Every structure is written in structure tokens, then in C-alpha cells.
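Reading through the C-alpha cells given below for one structure.
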Amino acid sequence: MQGSCRSCPWRRRVRPHPRHSARSFGRVCPCLTEWPERTSSLVLGVSKVKTAVALSNRLGWSASCLVRPIRSAGPVGGRSTALTTPCPRGDHVKRVTSGILGLGLAASLGLTFAAPTNAAQAPPTGGADRIQKDHDLPNPIEDKRRELREQAVKAVINGDAEPVEKNGSTVVKVGKAASPADAAAMRNKKASAKTKAKAAKGKQKDQYVELSQERADKVFVILAEFGDERHPDYPDGDTDPDTAGPEKFDGPLHNQIEEPDRTKDNSSVWQEDYDRKHYQDLYFKTGKNVESVKTYYEKQSSGRYTVDGTVSDWVKVKYNTARYGRDDASTWNLIQDATTQWVADQKKAGKTAAQIKKQLAQYDVYDRYDFDGDGDFNEPDGYIDHFQIVHAGAGEEDGDSTHGEDAIWSHRWYAFLTDQGVTGPSQNQLGGTQIADTGLWVGDYTVQPENGGLSVFVHEYGHDLGLPDAYSTAGGDNSNEFWTLMAQSRLNAKGEALGERAGDLGAWEKLQLGWLDHEVIATKEKRTLELGPQEYNSAKPQGAVVVLPKKEVTRELGAPASGSKQFYSGSGDDLANAMSTEVSIPAGSSSAALKAKVRYEIEEGYDYAYVQASTDGGSTWTALDGTIGGAPIGDDTSGRPGIDGKQESWADLVVPLDAYVGKTVQLRVFYKTDGGLALPGLFVDDVSVTAGGTELLSDDAEDGGEAWTFDGFSIVGASTTDEYDNYYVMGHRSYVSYDRYLKTGPYNFGFATTRPDWVEHYAYQTGLLISYWDTSQADNNTITHPGEGRNLPIDARPRPITDMSTGKPWRARVQVYDAPFSTRKADSMTLHTNGKPSYIRGQAAAPLFDDTKKYFYEEAPQHGVKLPAAGVKVRVLSEKGTSMKVRFN
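If you use our numbering, the sequence shown corresponds to residues 119 to 1007, in order.
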């Protein structure tokens, strides 16, 4: 399993999803000491491998959890070469050793996908940028929640689903499934056989999606600083020579970050005292012109959503930061130690256990994953609804050498997710860590640094609400940049450091959260529409969504065993697909068997294919033993014969049917998947049933499979074409509310050789920003699939802008400064690269969007967008203040 982890139960999403061509997740399991970097250049130095092995041993994972590079990016037998890649926040250079994490799909299975493309676009010019790193980390139950929500949003837009109200929430029913805890238990290899069996017998529950975030949420924040004690597994030392530092090993305590020299550094956030009041204000302060996490989300939701809560005073854990930051999954221990210390501090201050539990219960009023399947999300589930931890010191993402690789990288994750289905509240065992002995647990969490600006806190909270990153998590950049909080979020007012202000959410993000007041437009509909500002609700809609014809994506499946047809299980999440038939096996037959040719790639330990028999008309089914290529079929997690893993070439499947001689029996091939990673599935050909030398059934799929009843299975050739929803999502961007920081906040590190921490600013332009939402893509990693992504803004002036000091195209961040369609000419400006000026002449007004025109150029492949040429035209007719008139077609 190249590029994957067989032993660790959280190897999910390591390989690319077969439904989406030309994309690579590149996720890796928590065994790794680097965050799961969805990047084509995953790196592990020798010292990191050692600590990864130690971590995997402590967590009970096999050393095989370490991801093996497919091919080396460095010299054979030597240290990998250093690589510099741009960071989504774009602030500093961080060097890492590089190796390549491959796509991991079996080409020999016959599935052909476009290879990752490293096109000839120039490296980012002007500015030292730190490494790109995925900080919204994998969690199967959250991944499923987001996917189902996107499905529900599409269904409502397409008119295929009707939202309903349940106890104050707007929800959509999307089917039935096992409860989140039961599903986790069945896929977790740490669960006992008894637990798995109980989970397998659990009833399927209704599955609901919360369509709109409309409520007041409670946020519980702990401030944590570090002691000086060394954990025995984390002695002092430079464990990663390719990361600057560490220079210190004690602590840190809060208020120990060095003040920057403002003659050289105008980008770093710093203040003298980071006390409790600072964070209480940062999270929850209100008032005229006050910007906090609370007021930010009130404005983004146009009053539909708000937060309140409390921030603890600083609690001190006993170990230094190395214990919690050097190995990334060890941050889970910070959650555990800090919450335990908080309880101890509360008791020391005179509170009783009952009082502490009562206080915490105020923060458990939301059922994030609808554990009981009743569609009521406004009820306790045993877990703190929104838990955040702020750690002393700078984050590793800042490139600060003080604590180097021992510092914590800001992220959103789930504590002890390896225990999902095994531990947790008795009614909802989804892992996590209990807060001392209170009975309340922490699962989902975010962690931010002491000196984080507002942009960092609202960005991470966006992940907590289920929003994915909009930047390219595999390295490089794309057209989102400063156009959404979930990409380049660090903005500022004039004279401030980077990130002290936050940018607006994009129209796509607001649509996902139910916060976009929008009109739905048909592909060829002729209509004139007046839009208000995208930033907040007004009497006019904030945006529009154009529904496009389905996008067809053809996948190569591989040749049948014979002829031109084969049976196929399909690929997807939460499948229960079957092909069934009925045969009568004559009494007295000396033997009987089902035989077939099979090949497959099925997620090992999670998804299974079965050959099953029923003698009661299909009321109950028995999984049958047999062999594949002469080797016995393995067992599923409940001990039943089940097929998983990978069989690259056609192999002989033989299933004895002697137990059914003299009986009429129903036989079926059954394919069952969970809601995590969907691999290609099962292919079957040349099926026969024989008894005593007599052939009772023979089907090579060439004649339409008349003997079979299909429920999800189908007959396919060597390729298949799937259809995907796709849309244009647009809104009017203007310098109001948080979008006013688009005028002062976009930045460029233009003086890397003389003042590497000094930025110059320029303005993003106003107008109609149109994005292409393509559901055939699961991310925006244009470095691996140029011109294609989940949601990518379309540049109204797509011809690449050249950096005159280098002769190469500017990075996408600069290219898309004038992306909105507008009746106005774009601003001209001068930016620098290594101190050399480059003049950018503002281009002419671009009021017309015509998707049959060219919006992708090979010389800047990460910047442009490939469009479906559906014949959609949108023209900006007029712009006045926060209002805009547009005409469709």
C-alpha cells in the first residue's frame, strides 16, 4: 500500500479518492511527526522518523504506519534536498527535507488518473513565505459531516430536497446509517470483538444534515503555558536540523515572545502583555466598531449566528513545549493535561466538583454529529461544543527559531480520535479525552498561538464550523488567495501587523453555512438582478448561484477478464450495493460452487465485498467462505468472510455451495462501504454456478446480465462516465465591513534579501467575484490538477501578469488582485521582488463574463480556471456604492 498506512486505523484519506480524477489528498496518519501535509513533497528527515517510530510505539501503532516515499526527491542514499514551498499565510521561509508522497492508486488495477502536474509557473516572487502545511486535520466523522452537508446544499439548490425545522435547526434528511459511535467502533481495530459485534447489530438510524448555522454557540477557551520539566521521550536536542532552532528548551511561559524590531519587521503581531482580558476581548467583546470572534461571525451570518463563552486564566502544564509540539499528535496530551490542570486550579480556588461540572455543562448543549439520529442538533452529546486552547509562545508556522520544531503548529483536529468507538461518554463513545473526572469530554478542538491575531482565531473557528481550507494544501497557490478568510486570512488596517484584521468569507463558504441570501439562476435563464454587498444581508440578494449542466468525468476502469463487459460494484461512501440471482442446486450433486474472475481495491479493514446466500427469500443473508487465487478469503471485523485490500489482476474466486445441494438458494455479491475513504471497489466477470459437473448459470456480462437483479451494481466496459453537479457562485465585493481590509491588507514580501520580515501592501479590487464550484473535485490543489478545484474564483483579467524584475508570471496572489468583473479600470501599482521594483499597469474594465472564453493559461497553471463552456454570460451593468446591477445571458 504505497503512500498509505495499513496498521494505523487513521490511514484514511491517504490515497486519492477514485471519484475525483487528477487529485491527490496525500494525507498521512497521526503516526507521523509532521502534520498530514497534503503535499506532493511530504518530508521526513532521519530524526523525524525516529521520533515517529517512538510515537507509533507509544500509541500502539505499528512502525509500518510510517509512509514510504514512492520516489526520492533527493540524492540516492543521502539526505533529501531542502525544499522551500509557499505557506497559505505567506510569511516566512521554512525549510524541510523532501520526499514524494505518491498518488497511491493502483495503476495496475486499470484505473487511470491524470498525474500531478508541476507546471512551469515561476516560484512565488517577492517575499519569504513559510511552508504550506495542512492544519485542518483528518477526522472521519467530521469528513463525513462536511461531505453530507455539501450533498444537502446541492440537493436544495437543485430542488431535490426540502429543508425542515427540528428544534430550532434547519435540517435535511439524507438517508440512514449506523450511529457515529457504532460506525467508529466497527472500523477501529482497537475495539474488542464484543464491541464490534454489538456495533454491527446496532440499528440503522436516520441521518440528518444541519443545513444552516443559526444559533448562539458557547466556546470554552483555556490559556496554557508550559513548565520546564522534560518528558523522558523528549530530551533537549535539535531533532530536525532543517528547521531553525530550538534556541531554548524551557517553557515557554506567556509574555516571553521577543519584541520585533519595527525598523525591520512590520509584519509580526506583538504586544507586551497577553493577559486573560486580551483574549476575553478577542473572543467575545462587543460594542461599536469592535472586532472580535463574536462580532465577526455575527456580521458574516448577518445576525443568524453568534458565540459567547469564557476564557480561563493561564494554566501551567508541567512539561515544556517539546512534549506537546515536537511530535504533532502529542498536542492531544496538551488538551488532556491543560484541562486536568484547569480543574485542579478551579478546586484550589474553592469550587466543588459539582460546581465545576455544572459550569462545564453549559458548554455541552449542541449535538454536533447527531449521535442519536433524531435530527435534533440542539441537545447535549457529552462533549464540549467548541473547545479552543491558546498556547504560550509563537506557533511553529511563524518560523520562529526560539522553540523551532518543538513549537505547536496551529491546527484544528480531534483529540484521541484513535479511540473513537472505544472510549467517550457512555451514550456516545467518540473518543476524545475526559476533563479530569467531570464526565464531560473534549473531542473537536482548535489550537492557536499566544500572539495570533484575530484572523488566526476566526480562521480556525471556521474549521470548527466545518469549513475546509480554500488554499492549495498540497503546495503552491490558487485563485482564492485574499478573497476568502479560509485562504489568505491575514489582513490588516493601515499601519498594523499582518493578521490583526480578518477578511470576509467567500460566497461559497457562506453558502455552505446557510448564510448567503442568494438567487438561483438556470444555465440559460435571461434575467437582470440587483445585488447588494456580499458581506451582509440587505434588501437585495448577496449573491447568485447559476446551476450548470452536469459535468461528465470519464474514468478508465481497466479491461474485462473477457469480452468487452464486466460487472462493477460502483465506488462511493455508505454503499450497500448488490447483484443477486437465484439457482436451484439438484439433490444428489457431488459438489457445487460459484466461480468468477475478480479484481478489486477495497479499503482494508473498513469496506468489504461478500458472497452471500439466503434460503428465506432474502430476509437473512449468510456470508460464504471461499478462496481467491487459491488463498482463503479473510474475515471482516465481525469475523465474517469478507473481501478487502487489493487484487491488482484478475484472479479466480471459488465459493463452495455444497451446503445448499438440494435447495433453491439466492446468491448475491454484496459491496458495503463506510463514510470515509471510497476506493475503486470490486470488478467481477465470467460468473458461473456449477453442480456435479453441470453448469447451472454462466454469465460473462456481455448479454446484459439477465440472470441478475442489480441494486447498485452495474455492467460497464473498460471505462465509465460519471456526472457531477457544478455551479457558478458569485457575489458583489465592495470595501465595506470586513471587505474594507481588501484595500489595505493584501501584502507582498518584496525585500527578502534585505528586510525579509518587511511587507508592502496593495489593494484588491471591487466588483462581481465569480467562482466555479466543481463537485468532481474535493480540494483546491491546483498544483496537482491545474485549472481545476472545488471552488476557485475566476479572474476577469486572466492573462498572466509578468513580474518585470524576473520575467516570469507573478504568483496567483498578485494575479487575482483584479479578479472581479467590473465596469471600472483596475488600479496600477508597483511591487518589489528582492528590492527590485516591478510596475503593474491596471488593465481595462472587464464587465463581461463569458464562460466560453479562455480563463486558463498554461504559463500560470495554478492561477487560471478551466470552465465547462456552458454558454453562460454575466454582464455587470452598473456599480454604485454597495449596489450592483447584473444581467444574465
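Don't be surprised by glycine CBs; every beta carbon is placed ideally from N, CA and C.
For clarity, every value in this text was computed on a predicted model and none was experimentally measured.
Separation of residue 1000 and residue 849 (C-alpha to C-alpha, rounded to the nearest whole angstrom) is 11 Å.
When DSSP states are grouped into helix, strand and coil, residue 589 belongs to the coil group. Under the three-state reduction of DSSP, residue 612 is assigned to coil, being neither helix nor strand. Taking a C-beta distance under 8 Å as the contact criterion, residue 366 and residue 564 do not qualify as a contact pair. Going by DSSP, residue 639 is part of the beta strand (DSSP E) stretching over 636-640.
In the same chain as residue 780, and ignoring 5 residues on each side of it, the C-beta atoms closer than 6 Å to its own belong to 705, in chain order. By the beta-carbon neighbour count (other beta carbons within 10 angstroms, threshold 16), residue 989 is exposed. For residue 995, the number of other beta carbons within 10 angstroms of its own is below 16, and it is reported as exposed. Under DSSP, the beta-bridge partners assigned to residue 284 are 287.
CA-CA distance, residue 879 to residue 642, rounds to 40 Å.
In this structure, the CA atom of residue 289 is about 5 Å from the CA atom of residue 327. Note on residue 282: under 16 other CB atoms within 10 angstroms of its CB, so exposed under the neighbour-count rule.
Excluding its 5 nearest sequence neighbours in each direction, residue 645 has C-beta neighbours in its own chain below 7 Å: 639 and 1006, listed in chain order. When the alpha-carbon of residue 687 is set against those of 821, 361 and 838, the nearest one is in 838. Residue 936 and residue 920 have their C-alpha atoms spaced approximately 14 Å apart. By the neighbour-count definition (other C-beta atoms within 10 Å, threshold 16), residue 972 is an exposed residue. Excluding its 5 nearest sequence neighbours in each direction, residue 668 has C-beta neighbours in its own chain below 7 Å: 841, 842 and 843, listed in chain order.
The Cβ neighbour count for residue 347, taken over all protein chains shown within 10 Å, is under 16; the residue is labelled exposed. Bridge pairing for residue 432: 341 [DSSP]. In the DSSP assignment, residue 532 is bridged to 562. When secondary structure is reduced to three states using DSSP, residue 600 falls in the helix class. The straight-line gap separating the alpha-carbon atoms of residue 482 and residue 529 is approximately 22 Å. Between the alpha carbons of residue 260 and residue 584 lies a distance of about 7 Å.
Judged by DSSP secondary structure, residue 911 falls within the beta strand (DSSP E) whose first and last residues are 909-911.
The C-beta distance from residue 308 to residue 537 rounds to 7 Å, short enough to meet the 8 Å contact threshold. In this structure, DSSP gives residue 263 a helical state, which the three-state scheme calls helix. Its Cα nearest to that of residue 552, the residue 534 stands out among 566, 539, 534 and 569. Assigned with DSSP and collapsed to three states, residue 304 falls in helix. According to DSSP, residue 714 shares a beta bridge with 771. Counting only runs of 3 or more residues that sit fully inside the stretch 323-396, the beta strand (DSSP E) segments are 323-330 and 334-347, in chain order. Secondary structure note for residue 414: its alpha helix (DSSP H) is the uninterrupted segment 411-418. Distance from the Cα of residue 685 is smallest, within the candidate group 820, 443, 745 and 329, for 820.
DSSP lists 956 as the beta-bridge partner residues of residue 949. In the structure shown, residue 891 adopts extended strand secondary structure according to DSSP, grouped into three states. For the set 320, 423 and 301, the Cα lying nearest the Cα of residue 335 is the one of 423. Unbroken beta strand (DSSP E) runs of no fewer than 3 residues, entirely contained in the stretch 811-865, are found at 812-817, 827-829, 832-834, 837-842 and 844-851, following chain order.
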